[in-house]
Each structure stands twice: as structure tokens, then as C-alpha cells.
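Undergrad: Going by numbering that gives the first Met the number 0, 121 is the number at position 122 of the sequence shown; the sequence numbering is gapless.
The structure is given below, and queries will be raised subsequently.
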Amino acid sequence: MSSFGELICVGCLYTQEGISVVQAVFFMSCRLQGKENMKIDYYAYHSGMNGWNAGLKMLLAVGTLCLTIALDKPAVSLFVLLTMSLLTLIKGKIPGKAYLHFLSVPLAFVIMSGAAIAVEFGRSPLGDWNLHIFFFYLCFYRSSLLLAGAVLLKAMAGISALYMLSLSTPVNQLVLVLQKLHLPSLLVELMNLIYRYIFILIDAADQMQTAAKARFGYVTFRQSCRSFALVAGNLFLVSLKKAGTYYDALLSRGYEGRLEFLTEETAPAPGQLVFTGVYLLTVIVLGCVL
């Protein structure tokens, strides 16, 4: 086994160990998003923007994300959120229900973060608006509410920009772009393998949970805790077994320390270049004017 191959295998093993430890997050994601998790590549390959140059889409998404953070204007964030969502839905032809489904999980975390900014606890009503609960007050300040709204808009704008990229660009195209940017090959290959393993482990965890439910493993809280512990332990063992199996499959196909990614390169069309330039310039102008 080559040293590079050892690094790949160990990296996957440790990644899978971490995934099994936070399996609760995966169970939540599976239940919140259902089988939509498994359709990211499907939407990317069938997107109306799949024919766009991958490097140009990455420039558009990352450039928009950086500008949104740097300009720090609620109006800019709202503009980016609306335009990127419309671009994904209309040009990318992503079903609206699926898109909202993908947004639901990060939106829940963003709302909780915004609530932590907007609400303060106190023993006396010191805020602009106060809500008395038992022996303490929930204090709402106008400045805190405005800050929470701005943070929420900024976060969702960045997420919409990244969703535009991920729902229109298959992973193999992203890998090609990262290789052209001369990122370390170990980092690029681990990123691709980790991405693939996530979906494999989500599917395995879902099957184990379904089997546990069929055996009445979640009828009581105590039984649910026991079933969760058993599923988590089994998932860790399955991840180790799959890592070894897939590494053996790599060796049988002539793996010598480097993964080759075959993809079709698409030259950027003039219209795409113009759109990207005009869009980024519009965001900059909005940030300077508003």
C-alpha cells in the first residue's frame, strides 16, 4: 500500500468515524429532507445550467458570496437571495418544492442563530419590548432585531449562491476546477471521497433505522435510546468495512496513489461571461449606492 493510499484510506476511516459519532445529525437530516438528500447529483446533472462552464459558475457563486459578506448591506443580501434563487429555479429548472426543501435545514439553524442575537434575558424590563415569563424577562432591542434580520438575510443570500453552484454543477466538474487551481491532490481526492461516503452512510443509517422500527425499536423512549446506540455502533462498523472494501476495489482497478477524474470541459460562452460580469458589477454598485 503506497503512503498516499494509506493517507486516503485513513482519511476516509477517520471521516466515517466522525460521521458515526454525529449520526444524530444525519438522522435529523434524513427525516427533514427525506430522499431529497440523494438527489443533489441528479439535479446537478439535469440542471439547465449544467452546460455552463464550471469555473465560471464557481466564480459567480464565490464572488457573490464574498461581495455579500464584504458589502454587508441588507439590500444587497436581499437582492442576491432573490436573484440567485430565481436563477436556480428558472434557469436551472430546479423544482420549487425541492429547492425549498433544501433551504429548510440551513434556514432552521439560521433562525436559531438570529434568535440568539435578537433576544436577551434580564431580571428587569430594559428592552424596547419586553415579555415577562415567570421570574425573568425576554428583552427585545430595536438594534438587536435589525442586526438579527441583517445576519439572517446575509446568511441566506450566501446559501442561495452556494446552492446555485451545487445544484447546477456535478462534483466531478468541481474537482476539475479545483485541480486547475492547483489545490493539493490529497485534499481534492479526500473531498470527493468524503462527499460520496456521506450519501452511502446516510442510506445505510436510514436502512438500519427502518429495520429497528420494524422490530418496534422506538416504541418507548428507553427503547429508542437503546436502538439509537445500537444503530450508531453498527454504522461505525459498516463504515470501516465499506472503507476497506472500496480501497480494495481501487487497488483492483490499478490505483497507484492518484485518482483520475474524467469530465467534459465546456468553454464559457460569451453570454455567460457577460452575465457574470454584469451581475457582479451590479452587486458592487448596489453596495456602493445603497
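Every residue gets a Cβ at the ideal spot worked out from N, C-alpha and C, and that includes glycine.
Going by beta carbon distance, what residues of the same chain come within less than 6 Å of Phe220, once the five residues before and after it are set aside?
TA: Excluding positions up to five away in sequence, the list is empty.
Undergrad: What residue range is occupied by the uninterrupted beta strand (DSSP E) comprising Phe274?
TA: Careful: Phe274 lies outside any beta strand (DSSP E), inside the alpha helix (DSSP H) at 269 to 288.
Undergrad: Only counting the same chain, and skipping five residues up and downstream in sequence, which positions put a Cβ closer than 6 Å to that of Gln271?
TA: Same-chain partners within the cutoff: Trp51, Leu55.
Undergrad: Just to confirm, are Ala88 and Tyr98 a CB contact at a threshold of 8 Å?
TA: Checking the sequence shown, residue 88 turns out to be Leu, not Ala. Going by C-beta atoms, Leu88 is nearer than 8 Å to Tyr98.
Undergrad: Taking 8 Å as the limit between beta carbons, can you name the residues of its chain near Met57, skipping five residues before and five after?
TA: Within the same chain, Met57 has close Cβ partners Leu164, Thr168, Leu173, Val176.
Undergrad: For Asn129, report the span of its beta strand (DSSP E) as first-last.
TA: 128 to 132 is the span of the beta strand (DSSP E), which, as asked, contains Asn129.
Undergrad: Classify Phe78 as helix, strand or coil using the three-state DSSP reduction.
TA: Residue state, collapsed to three classes: helix.
Undergrad: Give me, in chain order, the residues of the same chain whose beta-carbon lies closer than 6 Å to that of Glu119; leave out the 5 immediate sequence neighbours on both sides.
TA: Excluding sequence neighbours, Glu119 sits near Cys138.
Undergrad: Return helix, strand or coil for Tyr246, following the three-state DSSP convention.
TA: In the structure shown, Tyr246 sits in a helix (DSSP, three-state: H, G or I).
Undergrad: Quick check on Tyr217: does DSSP put it in helix, strand or coil?
TA: In this structure, Tyr217 counts as coil in the three-state DSSP scheme.
Undergrad: Give the list of continuous beta strand (DSSP E) stretches no shorter than 3 residues that lie fully inside the stretch 102 to 147.
TA: The qualifying runs are 118 to 121, 128 to 132, 135 to 139.
Undergrad: Buried or exposed: Val9, going by 16 or more other Cβ atoms within 10 Å of its Cβ?
TA: Per-residue confidence for Val9 stands at a pLDDT of 39, beneath the threshold of 50, marking its modelled position as unreliable; the derived number appears in the next sentence. Classification for Val9: exposed.
Undergrad: For Gly95, count neighbouring Cβ atoms within 10 angstroms of its own Cβ and tell me buried if that reaches 16, exposed if not.
TA: So Gly95 ends up on the exposed side.
Undergrad: For a test of the three-state rule: what should DSSP assign to Tyr254, helix, strand or coil?
TA: Note: Tyr254 maps to coil in three-state DSSP.
Undergrad: If I measure Cβ to Cβ from Ala160 and keep anything under 6 Å in the same chain, skipping five residues before and after, which residues do I get?
TA: Same-chain partners within the cutoff: Ala60, Thr63, Leu64, Met83.
Undergrad: Compute the Euclidean distance between the alpha carbons of Thr275 and Leu229, then round it to the nearest angstrom.
TA: The alpha-carbon atoms of Thr275 and Leu229 are separated by roughly 50 Å.
Undergrad: Do you know how far the Cα of Thr244 is from the Cα of Ser251?
TA: Those two C-alpha atoms are separated by around 11 Å.
Undergrad: Can you look up Pro94 in the DSSP assignment and give me helix, strand or coil?
TA: The answer is coil: DSSP assigns Pro94 none of H, G, I, E or B.
Undergrad: Roughly how many angstroms lie between the CA atoms of Thr265 and Val187, to the nearest whole one?
TA: Each residue's Cα considered, the two are about 20 Å apart.
Undergrad: Cβ atoms of Leu166 and Tyr44: under 8 Å apart, would you say?
TA: Contact: no.
Undergrad: Taking a contact to mean a Cβ-Cβ separation below 8 Å, would you say Ser123 touches Tyr136 in this structure?
TA: Yes, they are a contact pair.
Undergrad: What are the boundary residues of the alpha helix (DSSP H) that Leu261 is part of?
TA: Where Leu261 is concerned, there is no enclosing alpha helix (DSSP H), given that its DSSP letter is neither H nor E.
Undergrad: Leaving out five residues on either side along the sequence, give the residues of the same chain with a beta carbon under 7 Å from the beta carbon of Arg225.
TA: Answer for Arg225: no residue qualifies.
Undergrad: Would you be able to state if there are at least three C-beta pairs under 8 Å between the stretch 107 to 115 and the stretch 149 to 156?
TA: With the cut-off at 8 Å, the stretch 149 to 156 and the stretch 107 to 115 touch.
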